[in-house]
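So for the sequence shown, the numbering used here puts the first residue at 590; every next one is plus one. Glycine is no exception: its CB is placed at the ideal position from the N, C-alpha and C atoms. Following: one structure in structure tokens, then a few remarks.
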Amino acid sequence: MSLFSIPSNKRFVYYNTDSLIRKDPLIKSISLLQTFLQKCNFKEDEDDLEDLRPFKGFGKPLLQCNTEHKQHMANETHRQKRNFMDLLMDHVDEALEMGFDDSSTKFKGKNHFMILSTKEWYDTFKMLHKIFIENPDNPKFEANDLDYKSYLENFNKIMDIDDEFFNACCDIGLQKALAMYNNPALTHYSNAVHKKLVDEAVTLYMKYARGTRTAVNENKLREMCERCWRNGKQQCEVNSLRGNPCILPKHIVKELSEHSSAHVFISTCNCGRTQGRREDPYTIRHANYEFYQYMANNCNLCAKVKQVHFPVFEPSINDYRAAEFEIAFPKLSIQDSINLDQDHNLPSPKSVASDECSQPLTASQGTHTNLSLVSTDELNKIDVDADIPSSDESLNELIIQVKDKNTQKAEDKERSIYRQPSTTEYLPGMVHTQTPPGLLPRFPSWSLVCVGPSSVYSHNTGLLEHFQSGFLSGANFLLPWDVHVRLEHSASWAYEKTRIRKMGEVHILKIFVGCEYECPRGHRFMMSSADKILRGGSGILRDSGSKVVYNNMPLYFPCPCRSHKADVAQLMRVHVVTPKAPVNVILDPKVRTGERDYVFTMGMPNPPRLTQSAYWILRLPYTYQGDEGPITPPNEITTINALSYGCLLAGMFGVSETELDD
């Protein structure tokens, strides 16, 4: 029972747009005062003059007065019709005469109403007052009727029509929002897309939601969306070694290689002749070894080149395992590790202290001679002591010293004992200066090949496309590096002598070097310095290679193939054309990463010796992995901050005398 009822299919909302209804004269007076204050030269408007006329329409044509009068009468009639009493009486008349036809059931019927007398109204509400007010307020009252007891407990829910209406609005918004989120066209999507869809669904829900249950239903909507996403629409999103997520639906894998990010890159083989497509790697083995093995099987030159074999793990038992050296061995500092491996190469620690980021030029030890290279500072000191004037040539001058044969054998024996590799435990990552001695990886991450004699490179034409593919125009030249070598007690060389000093013979070596970068699109280019890309062979000056030999070269650099957003190119190869002199150029590269303080090495007991008059290519790892896991390359980089993400340390080249046969 209710005082009055309105059919649900005839809802009425009245919005007042007439300013004359319930107008406030105070507000109008304030508005006129503000208008007067804002005007510099106040003049009365036409409406103000109209109020001064003896009667409305005074001094105006009769036609205009009649038009305004008719318009005023029409507005007044329209305003009189729009009132609450007219609305209520329309529904009252309909209820008393024919009843409301608002039933939503299958069999529609009309509800009939009747007017009660005053006594009937009083008796009815007296009974309702006792049932709904007196009895609930009485703590001793106990309802015997279960229906009445249930009715009292749910009285607010039954009588609160507004709350029921708002709940119905929330339910409609909840259904529409969930239907929009559960788009059948999206089979699976990432967490970022999921959050975006949830926000859009909540925005749609809030357009319908009203009342006290708005926040409760919002949380319910978020839970339903989360349950829908995790029940078959969740994307795998396992990141690759390059930081790209897997796009497959969430799945259980036995091998990491079963993931796929759908990213495809262009990379070059070990020798640099053939380029191929590669998938985004998920394992360090696929990134640094398996892909290049596959490319070698499809490259005619890779099958013919001379390769340097890197030491790898060779198990002696079947149940070998990865070494847990983080617990078994304390981590060594980078400087201590370098000293343990190369203290025999440095005649004085001052050369290391002069530049903490750079490594001095080193030389390998042969079986007949022990050769070491003195730093530039000590070379200048020797020149001063010998009363020989210094010159610019001393910057590239090296000293080869011959040690006693017995001393050399003792040092070789000591190193062989210290570096006995393990045959039961392998290194799970890559070799770096903090790696405990004796641990070897299961596969090599580096490659060093001889692609032919030195004559395959012409400094006039540079690297041709049929020999080294993918180079950008003008960035396919190597840099000349003139090295002045001074021998002390060395065998005679079949080489031109330029001058003789008091402390030995000086010879000039012509070496060509190049630091090659490669972007994910397969573009390759050489660098002329640590912050400049090589632009044509005509601008190469004599001894330009010193800029890349004696400086740290960035591990990553922006590729010039794009102007708006440059791809990140990575240092992938070091090209070396050795001279015809009876010497060996040695390589001892060290790569320092920027994210973690690692210095990666090739992991060889002795640096490799490159043969004379040959073209050698050192391929660096595609991905670097430390003890904590892979090191992700940067997504964006500039020429200013390139060195902060990693670099190839200076001092990787050295020169040693060719070994003599017994």
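Counting only the same chain and skipping the five closest in sequence on each side, list residues whose C-beta sits under 8 Å from that of SER1011. In chain order, PHE902, ALA912, GLY1027, LEU1028 and LEU1029 place their CB closer than 8 Å to the CB of SER1011, counting only its own chain and leaving out the 5 sequence neighbours on each side.
Inter-residue spacing [alpha-carbon to alpha-carbon] between LEU1052 and PHE1101: Roughly 12 Å separates the two Cα atoms.
ILE750 in three-state terms, based on DSSP: Here ILE750 carries a helix assignment [DSSP, helix/strand/coil].
In chain order, each alpha helix (DSSP H) run of at least 4 residues that lies wholly inside the stretch 720-795: Segments of the alpha helix (DSSP H) lying fully in the stretch 720-795: 735-742, 744-748 and 750-770.
Rounded to a whole number of angstroms, what is the C-alpha to C-alpha distance between PRO725 and LEU741? Each residue's alpha carbon lies about 8 Å from the other.
So, is GLN627 buried or exposed, given that buried needs 16 or more other C-beta atoms within 10 angstroms? Its Cβ having fewer than 16 others within 10 Å, GLN627 is exposed.
In chain order, what residues of the same chain lie with their CB nearer than 7 Å to the CB of THR1227, ignoring the 5 residues before and after it? Excluding five sequence positions before and after THR1227, the CB atoms of its chain that fall closer than 7 Å to its own CB belong to PRO1147, given in chain order.
Assigned exposure category for LYS822 - 16 Cβ within 10 Å defines buried: Classification for LYS822: buried.
Compute the Euclidean distance between the alpha carbons of VAL1244 and VAL1172, then round it to the nearest angstrom. Their backbone Cα atoms lie some 7 Å apart in a straight line.
Got a sec, what are the start and stop residues for the beta strand (DSSP E) TYR871 sits in? Note, TYR871: premise wrong, no beta strand (DSSP E); not H, not E.
Should the stretch 1206-1223 be regarded as contacting the stretch 857-876, the criterion being three or more beta carbon pairs within less than 8 Å? Judged by Cβ distances under 8 Å, the stretch 1206-1223 makes contact with the stretch 857-876, as three or more pairs qualify.
Member of ARG816, THR1167, GLU1014 and VAL1038 whose CA lies at the smallest distance from the CA of VAL897: For VAL897, the nearest C-alpha among the options comes from VAL1038.
With ASN806 as the anchor, note down where its alpha helix (DSSP H) starts and where it stops. First-last of the alpha helix (DSSP H) with ASN806: 803-819.
9 Å Cβ cutoff, ASP1186 in contact with chain B: No chain B is present in this structure, which holds just one protein chain.
Strictly by DSSP, which residues pair up with ARG1110? Per DSSP, the beta bridge partners of ARG1110 are ILE855.
Is the number of C-beta pairs between the stretch 1100-1119 and the stretch 1137-1144 that are closer than 8 Å three or more? With a cut-off of 8 Å on Cβ pairs, the stretch 1100-1119 is in contact with the stretch 1137-1144, counting three or more such pairs.
Between GLU1107 and ASP1216, what straight-line distance do the alpha-carbon atoms span, to the nearest angstrom? For GLU1107 and ASP1216, the gap between their C-alpha atoms comes out near 26 Å.
HIS1048 in three-state terms, based on DSSP: HIS1048 falls in the coil class under three-state DSSP.
From ALA1203 to TYR909, what distance separates their C-alpha atoms? Those two C-alpha atoms are separated by around 40 Å.
According to DSSP, residues forming a beta bridge with HIS1164: DSSP lists GLY1103 and ILE1206 as partners of HIS1164.
Quick check on the DSSP output: the beta strand (DSSP E) that includes ILE1175 runs from which residue to which? Taken as a continuous stretch (DSSP letters only), the beta strand (DSSP E) holding ILE1175 covers 1172-1176.
Taking buried to mean at least 16 other C-beta atoms within 10 Å of its own C-beta, is GLU1241 buried or exposed? In the sequence as displayed, the identity of residue 1241 is Met instead of Glu. Counting Cβ neighbours within 10 Å, MET1241 comes out buried, since at least 16 surround it.
Relative to the C-alpha of GLU847, which residue among VAL1157, ILE836 and TRP1205 is closest? Just measuring C-alpha positions, the residue of VAL1157, ILE836 and TRP1205 sitting nearest GLU847 is ILE836.
Bounding residues of the beta strand (DSSP E) (the contiguous stretch that carries LEU717): Segment 707-718 is the alpha helix (DSSP H) holding LEU717; no beta strand (DSSP E) there.
Contact between the stretch 839-854 and the stretch 1188-1203: three or more CB pairs below 8 Å? These segments do not touch.
Below 6 Å CB to CB, which residues in the same chain sit around SER856 once its five sequence neighbours on both sides are set aside? If you ignore the 5 residues before and after SER856, its C-beta comes within less than 6 Å of the C-beta of ARG867, all in its own chain and listed in chain order.
For THR1013 and PRO900, what's the separation of their Cα atoms in angstroms? For THR1013 and PRO900, the distance between alpha carbons rounds to 15 Å.
Let me know if ALA804 comes out buried or exposed under the rule of 16 or more other beta-carbons within 10 Å of its beta-carbon. Exposed, since its Cβ has fewer than 16 Cβ neighbours within 10 Å.
For ALA911, list the residues DSSP reports as bridge partners. ALA911 has TYR1015 as its beta-bridge partners, per DSSP.
How big is the Cα-Cα spacing for PHE755 and LEU775? Roughly 32 Å between the two C-alpha positions.
May I ask you to report which of helix, strand or coil DSSP gives THR1182? In the three-state DSSP reduction, THR1182 falls in the strand class (E or B).
Opposite PRO1143 in the DSSP bridges: which residues? As DSSP reads the structure, PRO1143 sits in a beta bridge with CYS1236.
Determine, using beta-carbon pairs with one atom in the stretch 729-738 and one in the stretch 778-795, whether at least three such pairs fall under 8 Å. The stretch 729-738, when compared against the stretch 778-795, does not touch it at the 8 Å Cβ threshold.
Suppose you measure from the CA of SER1058 to the CA of PHE1114; what does that come to, to the nearest Å? If I take the Cα positions, the gap works out to 11 Å.
For ASP682, count neighbouring Cβ atoms within 10 angstroms of its own Cβ and tell me buried if that reaches 16, exposed if not. Counting of Cβ neighbours within 10 angstroms places ASP682 among the exposed residues, the total staying below 16.
Look at the alpha carbon of HIS1073 and the alpha carbon of LEU1061, and state the distance between them as a whole number of angstroms. When rounded, the distance between both Cα atoms is 32 Å.
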